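Report on the following structure.
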Amino acid sequence: MKHFSTKLLAWYELHKRSLPWRQTKDPYVVWLSEIILQQTRVEQGLPYFERFCKDFPTIHDLAQASEDAILKRWQGLGYYSRARNLHKAAKQLSEQYKGNFPSTYQELLKLPGVGPYTARAIASICFDEVCAVVDGNVYRVLARHFNIFSPINKPKGIKDFQVLAQSLIDPNSPGTYNQAIMEFGALHCTPKNPDCTTCPLSSCCLAFADGRVAELPFKVKAKHIKKRYFHYLIPTDQNNNTLLSKRDQKDIWQGLYEFPLIEAQKMLSVDTLKVHNDSPEWAKAANWTKFQDEVVIHKLSHQALHTYFYVLENVDEALPISWSSVPDYAVPRLIERFLDKFML
Numbered sequence: 076m077k078h079f080s081t082k083l084l085a086w087y088e089l090h091k092r093s094l095p096w097r098q099t100k101d102p103y104v105v106w107l108s109e110i111i112l113q114q115t116r117v118e119q120g121l122p123y124f125e126r127f128c129k130d131f132p133t134i135h136d137l138a139q140a141s142e143d144a145i146l147k148r149w150q151g152l153g154y155y156s157r158a159r160n161l162h163k164a165a166k167q168l169s170e171q172y173k174g175n176f177p178s179t180y181q182e183l184l185k186l187p188g189v190g191p192y193t194a195r196a197i198a199s200i201c202f203d204e205v206c207a208v209v210d211g212n213v214y215r216v217l218a219r220h221f222n223i224f225s226p227i228n229k230p231k232g233i234k235d236f237q238v239l240a241q242s243l244i245d246p247n248s249p250g251t252y253n254q255a256i257m258e259f260g261a262l263h264c265t266p267k268n269p270d271c272t273t274c275p276l277s278s279c280c281l282a283f284a285d286g287r288v289a290e291l292p293f294k295v296k297a298k299h300i301k302k303r304y305f306h307y308l309i310p311t312d313q314n315n316n317t318l319l320s321k322r323d324q325k326d327i328w329q330g331l332y333e334f335p336l337i338e339a340q341k342m343l344s345v346d347t348l349k350v351h352n353d354s355p356e357w358a359k360a361a362n363w364t365k366f367q368d369e370v371v372i373h374k375l376s377h378q379a380l381h382t383y384f385y386v387l388e389n390v391d392e393a394l395p396i397s398w399s400s401v402p403d404y405a406v407p408r409l410i411e412r413f414l415d416k417f418m419l
């Protein structure tokens, strides 16, 4: 076991990336990086991390910001519940903990949006608590090295891997060890085409010896992807104003803004949309133009949104939002991409 961690730490010392959150043990900085990088590649998350550190240099700054300001800066990252929980946790840390982070795994778990992985990462990196992290990279490294076929998305598999990870962690440098195994999975023991011939652990890797590296880690197939059918109405009145509203229901994109939406069980024609129960009165007499002929399919983790955008001109009603201010609103990535084309 010690052989495993020793080789891993030696590899990390030679190959680790220079990333801003690795230059400090400040729990605020580490926490920001961990929340932003959930379900997000480092190269995608880095500019968001830098933006948050610049705009909200302290936990109190983040706590005092409006939810709209935070969601606007989060725009494009997806999984917006992370941003809302980030804000809730900042308020709790500012008010209840006077801006100081709790220093133990168990206490960190009490913060909104902080689950077992994030709590272990912060506790080990910032406070040297000996608690092993298990993320997608760690699952992959351990499953291959020890040739484990327990499903990583089932309770027993999750528990077994956590026990194994805890048995391997270096008690003298738990934070460095955790970062090392995650980095090794991200850069060397990659999901596809890992370079096993130059791997410092290949001599002891059971899946490599068995020729089954590509099969691991093992997952039980996910649930069926749900299809949804969206029809967005993009209105403009005679004063070049439009309409956005905030999604407050407990659904995707809570707290973000969108144009008037008609959701149906299938894609509908314009004639059907005009008489739909959710169609506004002002839409019926407007000039409708489909923005593009092909349906836009926007994929989320367990949903596929089939979407048409309809441009409605000369709407006979005063609308509240000027087109020039639309970029100030936090919108879902689907709408952001539409606006990038529409507002050229």
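Under the working numbering, the first residue of the sequence shown is numbered 76, with each subsequent residue one higher. C-beta atoms are modelled at their ideal positions from N, C-alpha and C, and glycine is treated no differently. None of these values were measured; they are calculated from a predicted model.
DSSP-derived helix/strand/coil call for residue i
i           : result
residue 363 : strand
residue 150 : coil
residue 287 : coil
residue 390 : strand
residue 311 : strand
residue 350 : coil
residue 237 : helix
residue 371 : strand
residue 316 : strand
Cβ-Cβ distance between residue i and residue j below 8 Å
i           : j           : result
residue 429 : residue 246 : Nothing about residue 429 can be reported from this structure: the residues present for the chain run from 76 to 419 only.
residue 157 : residue 110 : yes
residue 259 : residue 106 : no
residue 148 : residue 126 : yes
residue 390 : residue 361 : yes
residue 322 : residue 331 : yes
residue 316 : residue 410 : no
residue 256 : residue 216 : yes
residue 244 : residue 100 : no
residue 353 : residue 337 : yes
residue 358 : residue 365 : no
residue 282 : residue 291 : yes
residue 208 : residue 253 : yes
residue 183 : residue 303 : no
CA-to-CA distance, residue j to residue i, given in whole angstroms
i           : j           : result
residue 178 : residue 194 : 10 Å
residue 132 : residue 280 : 43 Å
residue 270 : residue 91  : 17 Å
residue 213 : residue 117 : 16 Å
residue 210 : residue 293 : 14 Å
residue 191 : residue 115 : 18 Å
residue 305 : residue 274 : 48 Å
residue 267 : residue 219 : 13 Å
residue 286 : residue 226 : 19 Å
residue 339 : residue 383 : 12 Å
residue 169 : residue 96  : 21 Å
residue 81  : residue 121 : 29 Å
residue 346 : residue 385 : 12 Å
residue 373 : residue 344 : 20 Å
residue 84  : residue 230 : 29 Å
residue 161 : residue 223 : 35 Å
residue 77  : residue 251 : 15 Å
Option nearest residue i by Cα separation, candidates the options
i           : options               : result
residue 167 : 146, 216 and 134      : 134
residue 393 : 356, 405 and 224      : 356
residue 145 : 418, 403, 413 and 417 : 403
residue 89  : 172, 230 and 263      : 263
residue 407 : 221, 329 and 310      : 329
residue 376 : 277, 128, 154 and 119 : 154
residue 342 : 104, 371 and 77       : 371
8 Å Cβ cutoff, residue i in contact with chain D
i           : result
residue 266 : Looking at the structure shown, chain D is missing, and only one protein chain is on hand.
>> Pairs of beta-carbons, one from the region 296-314 and one from the region 236-246, closer than 8 Å: are there three or more?
In response: Taking 8 Å as the limit for Cβ pairs, the verdict is that the region 236-246 does not touch the region 296-314.
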